[in-house]
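The listed protein sequences derive, respectively, from chains C and X. Heads up: the first sequence is residues 1 to 454, going by the UniProt record's numbering. Heads up: the second sequence is residues 1 to 454, going by the UniProt record's numbering.
Number of protein chains: 2
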Amino acid sequence: MKVAKFGGTSLANAEQIKKVCSIVLADSERKVIVVSAPGKRDSSDTKVTDLLIACAQKHLQTGNADAELEAVVKRFKDIANELGLDDEIVKMIKSDLEERLKLDTSHTGMFMDAMKAAGEDNSAKLVAAYLNSIGEKAEYVSPKKAGLLMSDEFGNAQVLPESYENLKMINSIEGIVIFPGFFGYTKDGKVATFPRGGSDITGSILAAALKADLYENFTDVDAVYAAHPGLVHNPVAVPELTYREMRELSYAGFSVLHEDTLVPVFMAGVPVCIKNTNNPSAPGTKISLTRDYSPNHVVGIASDAGFCCIYVSKFMMNREVGFGRKLLQILEDEGISYEHTPSGIDNISIILKQNQLKAGIEQKIIDRIKDELKVDDVSIDHDLAMIIIVGEGMKNTVGTASRATTALAKASISLEMINQGSSEITMMFAVRENEAHKAVISLYNEFFLNKLYK
Amino acid sequence: MKVAKFGGTSLANAEQIKKVCSIVLADSERKVIVVSAPGKRDSSDTKVTDLLIACAQKHLQTGNADAELEAVVKRFKDIANELGLDDEIVKMIKSDLEERLKLDTSHTGMFMDAMKAAGEDNSAKLVAAYLNSIGEKAEYVSPKKAGLLMSDEFGNAQVLPESYENLKMINSIEGIVIFPGFFGYTKDGKVATFPRGGSDITGSILAAALKADLYENFTDVDAVYAAHPGLVHNPVAVPELTYREMRELSYAGFSVLHEDTLVPVFMAGVPVCIKNTNNPSAPGTKISLTRDYSPNHVVGIASDAGFCCIYVSKFMMNREVGFGRKLLQILEDEGISYEHTPSGIDNISIILKQNQLKAGIEQKIIDRIKDELKVDDVSIDHDLAMIIIVGEGMKNTVGTASRATTALAKASISLEMINQGSSEITMMFAVRENEAHKAVISLYNEFFLNKLYK
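Structure follows, in structure tokens:
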């Protein structure tokens, strides 16, 4: 049995929804379908979720969001009409939206979640209705009915562990299950959503709970690419990845899947396949626990900007028991999370996302490090990018580091930092942000275009 | 004014002491002379300090150490006679040793320190007597008289801060001051020593307290070499180093100076010169706060063995606030100090000296990490060596990493870890211990013999 999730562009209009349904019907294993809200039809279009947010905000501000509500209804109506469905479903959707607007607005986050969730919820109803209209046995299943329980962190909720047991009820449903992504319900029955992009997570939870053979994540690209197509021209597709390769890549800028998506399937050992709704015959990228790999083989190069480095030095630091722990405690006290802490003998660097250092915090941290740790020097270097090279075959490698650093040196890129070996499958470089693009290109050329090694 | 310290081989016999005195007298700035105990005259000889330790231990075990005492006295007597000094000083030294043997033995460490210190103390008296005998104005100054106060951690004592003020009394002494290295006195008047090799530290403290223009450290090598002569044939001498370059090198296996030596002179900004008693015209190696350097210029390559790596992985580790701090807390609880903590996204490695992991501790740490941090995996990799390349010119370098990793790859050396950039002046590689020698040679050849870059 397969769980298949379809993203917003796959549901943007009737033509796309027909594609989705033909994909679903082409494989009888595709039993559970998770859908996003309708996305953009073209680059100038607005996603239904964004229309819903605008509608909710207008309502909160003025008490009247008739025009914004109408815009949402019109999107659904256009799709329904093109799918040949009668106005009954459009009326139902309109009435659903009107009911949501009547909800308690005293807790803004809770109200917003109820509004945002309407995109996925009505999208699922629409797809189920279309499948029924063409004679297929399909059923919209609500997360409430299925017992998808969430924490009450509205807008950033987490699934509650008991959901996995509850969701097994889906197995008893005959025909194709159409399940809305992105949201669930708190224990006292309120809608609560994952972060934006969270339909991926819903699909992963369902695949894990139902012990699916495969979790298919249909999106608008043929595969995961070895580098970002915005940085490298026509990068190669990657046929297979391990969970941890995908996680390293997605953390460092590969946004194919929502960052939290892999946890449930990783825990349950369900493989994932990234596929393209618009080109379903392309093999896509399969993600699972292990794969065959050859030594030194690199699968991807990712980069992420917006980092800074706190550099701390103190003569004889390494003699001071607890120095590192005290330093990390200061950051924890100030609510700062960090990425890496490479250290020398008398110095330590802390790499972190610089958007955490709001006005005042940066100086406060510097002052605390100076005062409490009596350091010789503390400074912050801004605007760094992290470049990572990922591949299971890199463990204990002879030569990968040499190839990478030589490629970067030939491109005259100054390396602020190298970190290899902590993770067995990645090598990390810090460079100035304005050199990151050049760095990715030079590494891509070395590892993917260099004929010597192919 | 210069403080000059002479090591044990420089004081091993009369001929060496004459060399020392001619060096001292050749420069009227050499006002304060710190001496070690007489060292080995040849490779089969025993150092006076070791004779003293044997004497003290025999006394503790049997109450009779007459033969061992005689061996110590004979060393001093031979030197005194060859220097043409009368037996008066030999009698004084013998009587001093006999008095020490009568000291309270209930605190073994305290007794041992009093015995060990006799080597430096009597060596200083002997040198002062010789200088007087040839008509030079010179005075033995006791650490007690000069106020060199120590903590009561016998055998591993630290200088007390007030010593720096006390020691200024030396400025009022006319003529050359001969000061014994290695020991001072606790506040209640007991002899307390630095760790072995601590005469270097005494010299540094005096140079700092007296604001010397230079601290000359006379030893038995012409200079600091770019690599260990036991690993690389005939390595080049390094003319100039910064304090931090020297500290990185000495931490990673360069044993020219005791590890703690540089702190006092660093704090006071007094430059250091390493010179050879047997070749005083050689320029030696100068160590100071800054030096001119060219980009990419490497000054030294050091290696140190006996490390292990605790590897910890947990899916989504980087989301867990405080994970790193909790991990370091476990190590701190168990009294383990660590060197480096390179981290990936979902994993962290801790590099530490493996001799800390006595029986039982290793398993206890693994169990605590498993139980308390709920990790996916924790393992320990043993028998690693750390290789470091040091040079001020390596900051933000383009090309050094490439040259180093390429040299290592050509030598087929597998890199367990690379850490560059945390310290601005070093690049670190972890390799298997049995590949460390080959790694040092390949890096030395690249950075010091490769004509392309010279």
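Backbone N, C-alpha and C fix where the C-beta goes; we use that ideal spot for every residue, glycine too. Remember, predicted model here, so these are calculated numbers, not experimental data.
In angstroms with no decimal places, state the Cα-to-Cα distance between X:F6 and X:E248.
-> 23 Å
Can we count X:N278 as close to the ligand MN, meaning its CB is less than 7 Å from some heavy atom?
-> Here there are no bound small molecules, and the ligand MN is not part of this structure.
CB contact flag (C:S123, C:S36, <8 Å) = The Cβ-Cβ distance between C:S123 and C:S36 falls below 8 Å.
Look at the Cβ atom of X:L83, then the Cβ atom of X:A14, and state whether they are nearer than 8 Å.
-> yes
Under a three-way DSSP split, which group does C:M1 fall into?
-> coil
Cβ pair count under 8 Å reaching 3, the stretch 274-286 of chain X against the stretch 319-339 of chain X = no
Residues of chain X with CB under 9 Å from C:L328, in chain order?
-> G322, G324, R325 and L328
The stretch 126-139 of chain X touching the stretch 181-193 of chain X, judged by at least three CB pairs closer than 8 Å = no
CB contact check: X:S255 to chain C, cutoff 8 Å = no
Who are the Cβ neighbours of C:N347 in its own chain at under 8 Å, not counting the five residues just before and after it?
-> Excluding positions up to five away in sequence, the list reads Y311, V312, S313, K314 and M317.
Selection from X:H228, X:D200, X:S255 and X:G253 that minimises the alpha carbon distance to X:V272 = X:D200
Work out the CA separation of C:E88 and C:V440 for me, nearest whole Å.
-> 53 Å
Check C:I413 in the structure and name its three-state DSSP category.
-> Residue state, collapsed to three classes: coil.
With distances taken Cα to Cα, identify the nearest neighbour of C:A118 among C:K47, C:G63 and C:Q158.
-> C:K47
So, is the C-beta of X:P344 closer than 8 Å to a C-beta in chain C?
-> The sequence shown places Gly at residue 344 of chain X, rather than the Pro named in the question. Output row for X:G344: interface = yes.
Can the beta-carbon of X:L52 be found less than 8 Å from the beta-carbon of X:M1?
-> no
Got a sec, what are the start and stop residues for the beta strand (DSSP E) X:G429 sits in?
-> In the sequence on display, residue 429 of chain X carries Phe and not Gly. Segment T426 to R432, the beta strand (DSSP E) holding X:F429.
Check the DSSP bridge columns for C:V238 and list the partner residues they point to.
-> C:V224
Please state whether DSSP places X:G306 in a helix, a strand or coil.
-> Strand.
Cα-Cα separation between C:E245 and C:T261, rounded to whole angstroms = 14 Å
Bridge partner(s) assigned by DSSP for C:C273 | DSSP lists C:E216 and C:K286 as partners of C:C273.
Amino acids of chain C, ordered along the chain, whose beta-carbon sits closer than 9 Å to that of X:H233 | None at all; the shortest Cβ gap to chain C is about 25 Å.
Beta-carbon separation (whole angstroms), C:V3 vs C:L210, contact threshold 8 Å | 7 Å
Counted within 10 angstroms of its Cβ, other Cβ atoms place X:K125 as buried (16 or more) or exposed | buried
Residues sharing a beta bridge with C:K353, DSSP | C:F307
If you pair each beta-carbon of the stretch 360-373 of chain C with each one of the stretch 405-420 of chain C, do three or more pairs fall below 8 Å?
-> no
Span of the alpha helix (DSSP H), counted from its first residue to its last, around C:F179 = Taken as a continuous stretch (DSSP letters only), C:F179 belongs to no alpha helix (DSSP H), being part of the beta strand (DSSP E) at I176 to P180.
Check whether C:G155 and C:D113 have beta carbons under 8 Å apart | yes
DSSP beta-bridge partners of C:F183 = C:T193
Inter-stretch contact at 8 Å, needing at least 3 Cβ pairs: the stretch 288-301 of chain X / the stretch 347-365 of chain X = no
Does the Cβ of C:Q16 have 16 or more other Cβ atoms within 10 Å, making it buried, or fewer, making it exposed?
-> Label assigned to C:Q16: buried.
Within the 8 Å Cβ cut-off, does C:L352 reach chain X?
-> The Cβ of C:L352 sits no closer than 8 Å to any Cβ of chain X.
Give a yes or no on whether 8 Å exceeds the smallest Cβ distance from C:H297 to chain X.
-> no
When we look at the beta-carbon of X:L420 and count the other beta-carbons within 10 Å, is it buried (16 or more) or exposed?
-> Note that residue 420 of chain X is Gln in the sequence shown here, rather than Leu. X:Q420 is buried by the Cβ-count criterion.
Residue environment, C:E99, which counts as buried when at least 16 other CB atoms sit within 10 Å = exposed
Which of the three DSSP states, helix, strand or coil, is assigned to C:L25?
-> Note: C:L25 maps to helix in three-state DSSP.
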